[in-house]
Amino acid sequence: MEGGTTQIAHLFLTIKRELKARNLTYRDIARLLETSEASVKRWFSLRRISLEQLVAIADLLGLTLAELMQEAATYEPPLRSLTLEQEKALMADTRLFLVAACVMNHWTLTDIVAKYDISETQCIKHLLMLDRLRVIDFLPQNRVRLRIARDFAWQENGPISRFFQQQGLRDFLESSFKAPYETSAFTHAMLTPAANTQFQSQLKRLRKSFADLHEESLAAPLNERHGVGFFFALREWEPQEFTALKKK
Numbered sequence: 023m024e025g026g027t028t029q030i031a032h033l034f035l036t037i038k039r040e041l042k043a044r045n046l047t048y049r050d051i052a053r054l055l056e057t058s059e060a061s062v063k064r065w066f067s068l069r070r071i072s073l074e075q076l077v078a079i080a081d082l083l084g085l086t087l088a089e090l091m092q093e094a095a096t097y098e099p100p101l102r103s104l105t106l107e108q109e110k111a112l113m114a115d116t117r118l119f120l121v122a123a124c125v126m127n128h129w130t131l132t133d134i135v136a137k138y139d140i141s142e143t144q145c146i147k148h149l150l151m152l153d154r155l156r157v158i159d160f161l162p163q164n165r166v167r168l169r170i171a172r173d174f175a176w177q178e179n180g181p182i183s184r185f186f187q188q189q190g191l192r193d194f195l196e197s198s199f200k201a202p203y204e205t206s207a208f209t210h211a212m213l214t215p216a217a218n219t220q221f222q223s224q225l226k227r228l229r230k231s232f233a234d235l236h237e238e239s240l241a242a243p244l245n246e247r248h249g250v251g252f253f254f255a256l257r258e259w260e261p262q263e264f265t266a267l268k269k270k
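Counting with my numbering, you get residues 23 to 270 for the letters of the sequence shown.
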């Protein structure tokens, strides 16, 4: 019984993943099946759907029912982080890292080739490499399906985190932050441990909100989306000049 329940869960996860890859929503399913969006949400919540409805949804996705079932059968849990070997492979090739960063932000092959000095052949080569690294699934018609989770993060103190800390952050901070849609702030306070913990919880919620807005923005055309960096840090700190004046 448990195995059957797991297979059904994988089927609905697969449908959700395929809908997202095609910028389709529950509303599109509702229109197709001439029902309400609330009904579709209830089907997915309860994981109950008729065979006829399933066939219609597969057709909406451009798949046969057999292909949809096959996708569900080969379902693998999304990656919440890469292995050290995967990260090293990305860092070993700048163009591979570039293509990985682009597809992680839902760029198509056409988008990448139009924006960067990389040929279609080179881009396909790197997409195939990302497929071999199990970062993506490279599908027919040059389509890409990400294998990373929504809360994906680079390895703490891994090669990519170190790259951003040692090079990316320095480059990021070399700005006046006066241009439109830019902002910066630095402030200082003295907090109790309880207040510090409360503020860190607020920062976690802010980071989640940032990720949610990223997801919402994916529905907009690429030329309306712009890469932005968001950095925050919290630590016990005072100016070095003050520390030097402390009594020994």
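Cβ coordinates follow ideal geometry from the N, Cα and C atoms, glycine included. Please read all numbers here as calculations on a predicted model, not as lab measurements.
- For residue 229, the three-state secondary structure derived from DSSP is helix.
- DSSP lists 101 as the beta-bridge partner residues of residue 170.
- About 10 Å separates the Cβ atoms of residue 82 and residue 90, ruling out a contact at the 8 Å cut-off.
- Remark: C-beta atoms of residue 171 and residue 102 approach each other more closely than 7 Å.
- The continuous alpha helix (DSSP H) containing residue 133 extends over residues 131–137.
- Remark: fewer than three beta-carbon pairs, one from each stretch, lie closer than 8 Å, so the region 138–157 and the region 203–212 are not flagged as touching.
- In the DSSP annotation of this structure, residue 83 is not part of any beta strand (DSSP E), being labelled neither H nor E.
- Boundaries of the beta strand (DSSP E) harbouring residue 158: 158–161, taken from the DSSP string.
- Here residue 174 is actually not in contact with residue 166; their C-beta atoms are around 15 Å apart, not less than 8 Å.
- In the displayed model, residue 165 falls within a strand according to three-state DSSP.
- In the displayed model, residue 91 falls within a helix according to three-state DSSP.
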